[in-house]
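J.:
Residue numbers (our numbering): 42 to 538.
1. By how many angstroms is the C-alpha of residue 135 removed from the C-alpha of residue 216?
2. Taking only runs that begin and end inside the stretch 148-194, name each unbroken alpha helix (DSSP H) of 4 or more residues, in chain order.
3. Count the other CB atoms within 10 Å of the CB of residue 178; is the residue buried (16 or more) or exposed (fewer)?
4. On a Cα-Cα basis, can you pick out the residue from 341, 413 and 392 that is closest to residue 364?
5. Do residue 297 and residue 260 have their C-beta atoms within less than 8 angstroms of each other?
6. Grouping DSSP H, G and I as helix and E and B as strand, with all else coil, what is residue 238?
7. Given a threshold of 16 other Cβ atoms within 10 Å of its Cβ, counted over all protein chains shown, does residue 108 qualify as buried or as exposed?
8. Confirm, please, whether the CB-CB distance from residue 331 to residue 371 is below 8 angstroms.
9. Looking at residue 212 and residue 36, is the spacing between their C-beta atoms short of 8 angstroms?
10. Count the other C-beta atoms from every protein chain shown that fall within 10 angstroms of the C-beta of residue 240, then say buried if there are 16 or more, exposed otherwise.
11. Mapping DSSP to helix, strand and coil, what is residue 491?
12. Can you give me the start and stop residues for the alpha helix (DSSP H) that residue 284 sits inside?
13. Could you please give the first and the last residue of the uninterrupted alpha helix (DSSP H) stretch that includes residue 505?
14. Count the other C-beta atoms from every protein chain shown that fall within 10 angstroms of the C-beta of residue 539, then say buried if there are 16 or more, exposed otherwise.
15. Taking the alpha carbon of residue 374 as the reference point, which residue from 73, 420 and 408 has its own alpha carbon closest?
16. Terminal residues of the continuous beta strand (DSSP E) containing residue 129?
17. Would you report the Cα separation of residue 395 and residue 344, rounded to the nearest angstrom?
18. Given a cut-off of 8 angstroms, decide if residue 402 and residue 565 are closer than it, judged by their beta-carbon atoms.
19. Between the stretch 158-169 and the stretch 129-149, are three or more C-beta pairs nearer than 8 angstroms?
20. Within the chosen definition, does the stretch 434-450 reach the stretch 385-392 through at least 3 CB pairs nearer than 8 angstroms?
21. Which of helix, strand or coil does DSSP assign to residue 433?
22. Compute the Euclidean distance between the alpha carbons of residue 68 and residue 94, then round it to the nearest angstrom.
23. Following the continuous beta strand (DSSP E) through residue 45, name the residue where it begins and the one where it ends.
24. Using alpha carbons as the reference points, say which of 320, 258, 333 and 287 lies closest to residue 276.
25. Assess, as a yes-or-no matter, whether the stretch 454-466 is touched by the stretch 488-507 under the definition of 3 or more beta carbon pairs within less than 8 angstroms.
26. From the DSSP output, read off the bridge partner residues of residue 374.
27. Would you report the Cα separation of residue 447 and residue 104, rounded to the nearest angstrom?
28. Looking only at its chain, what residues have a beta carbon closer than 8 angstroms to the beta carbon of residue 539, apart from the 5 residues adjacent to it on each side?
29. Tell me which same chain residues have a C-beta within less than 7 angstroms of the C-beta of residue 548, skipping the five on either side of it?
30. In angstroms, rounded to a whole number, what distance separates the CA positions of residue 478 and residue 453?
31. Taking the alpha helix (DSSP H) that residue 253 falls in, what are its first and last residues?
32. Whole angstroms are fine: how far does the CA of residue 512 sit from the CA of residue 82?
33. Looking only at its own chain, which residues have a Cβ that is under 7 angstroms from the Cβ of residue 411, when we skip the five neighbours before and after it?
34. Where do the ends of the alpha helix (DSSP H) carrying residue 358 lie?
35. Below 8 angstroms on the Cβ atoms is my contact criterion, and I expect residue 100 with residue 61 to pass it. Report the Cβ-Cβ distance as a whole number of Å.
36. Are the stretch 316-323 and the stretch 279-290 touching by the rule of at least three beta carbon pairs closer than 8 angstroms?
In structure tokens form, the structure reads like this:
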């Protein structure tokens, strides 16, 4: 009788790509495999699968925000099923392995393909399992997953990843962290082995490119098992950073006959760079219809000092103008509720900063014809990131991340200053910070702005409409309709306000 492994992750409309790749490894190692997703922190379905499937191994991906719920469940699971072996991996497990070790037999650090294979073979000792060697991405196990989750199978958009890692070092991203962040948890021998695997940057999630032929094969499989597929979304943080790779991809991808959308940095689409236009033409000819770009904040100082995204606002206008002329669609991404007020020079803070980011999207649309849509999230201060340390240093957040939401769309857990203070902003002076009632008022408005950001960004002068709507207590739909009507008359049609 073959051994069994149950893989789990939180539910999302996007396929859980990591565990789909791990499912293939489990099958390669001779394990009967199942995947069960956990939706809204409800473990009933997962628990039912455990009872019916009786797995020998359970492997879960953990993200900060759902870690407490998973830990609580694993504690219960282990007490009821002491013989089952539990392995956890993912960002939270990688950056907080000691905490994770309290609830699992194995904690996988960094990239998990080889480590998971060694665990299943019995070649890894229980405890923290470090990266021993890198291995190519296996073709993900989609057919089994789409049968278990037919909504994902019937979705017209399928997600694929072509590479790991990122060439940038944004302060809010786990991709920026290095071996130094967790070196104190490893032996000298383990550190040396990981250094070899991670390369010169020592990034915990290093850059790695998949073979173009493997990606083509994966998408052919998608078309075969899910003929309703109409588009591929490449989930890479920055798609196609290798020019030679793009050239091969652009030659082979058109045979698939599927359009695709990709994520890109403004720097990689700079029309003033001599190679940019050639690259964009290659992608367009291959079937690319649009890109997602992260703005994050309208304020150059915040982007530079707080986020480590040192890009000029003018570049955004240049890129959008060029992409509009080429016929691409664009989505922008931004974070609201950022920790403002501790920079070296004065900036807008709180709601004014958020509305300024909305204003930038509105102006981009007005001047360039793009973005097609604007997406917003609410900033979360993940511990282990550089911006998490920044928030603790200046007093924006002093929690343990146990209160951080599981998604990017829920209420902020930060506290916010009354005014810009500068680098001396600290938690020690209560006069710096919004009073409880003011804090709740801003958090409520922040949530409402996040929920309506797409809408406001598409309305001419939508930043004015948003401010007018949010500054009153009544934020119901009827009032939104009324305020929008007056705005379109006064600020757009007649242009008197």
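No residue lacks a Cβ here, since even glycine has one placed at the ideal position from N, Cα and C.
Quick caveat, the model's predicted, so the values are computed rather than measured.
T.: On the basis of the data shown:
1. Near 11 angstroms, if we compare the C-alpha coordinates of residue 135 and residue 216.
2. 154-162 and 183-189
3. buried
4. 413
5. Between residue 297 and residue 260, the CB-CB gap stays under 8 angstroms.
6. Three-state DSSP puts residue 238 in a helix.
7. buried
8. With respect to residue 331, residue 371 sits close: the two C-beta atoms are nearer than 8 angstroms.
9. Here the chain has residues from 42 to 538 only, and residue 36 is not among them.
10. By the neighbour-count rule (16 or more Cβ atoms within 10 Å), residue 240 is not buried but exposed.
11. Note: residue 491 maps to helix in three-state DSSP.
12. Counting along the chain, the alpha helix (DSSP H) containing residue 284 begins and ends at 284-293.
13. From DSSP, the alpha helix (DSSP H) with residue 505 extends over 503-511.
14. The first residue shown for the chain is 42 and the last is 538, placing residue 539 beyond what the model contains.
15. Among 73, 420 and 408, the Cα nearest to that of residue 374 is on 420.
16. 126-130
17. 13 angstroms
18. Look at the range of the chain in this structure, 42 to 538, and you will see that residue 565 is not part of it.
19. yes
20. no
21. helix
22. Each residue's Cα considered, the two are about 16 angstroms apart.
23. 45-51
24. 333
25. no
26. 335 and 416
27. 8 angstroms
28. Within the shown structure, residues of the chain are numbered from 42 to 538, placing residue 539 beyond reach of any answer.
29. Residue 548 lies beyond the residue range present for the chain, which begins at 42 and ends at 538; the question has no answer from this structure.
30. Approximately 15 angstroms between the Cα atoms of the pair.
31. 253-266
32. One C-alpha to the other measures close to 34 angstroms.
33. 361, 364, 365, 371 and 405
34. 354-367
35. Contact flag wrong, Cβ pair sits at about 12 angstroms.
36. yes
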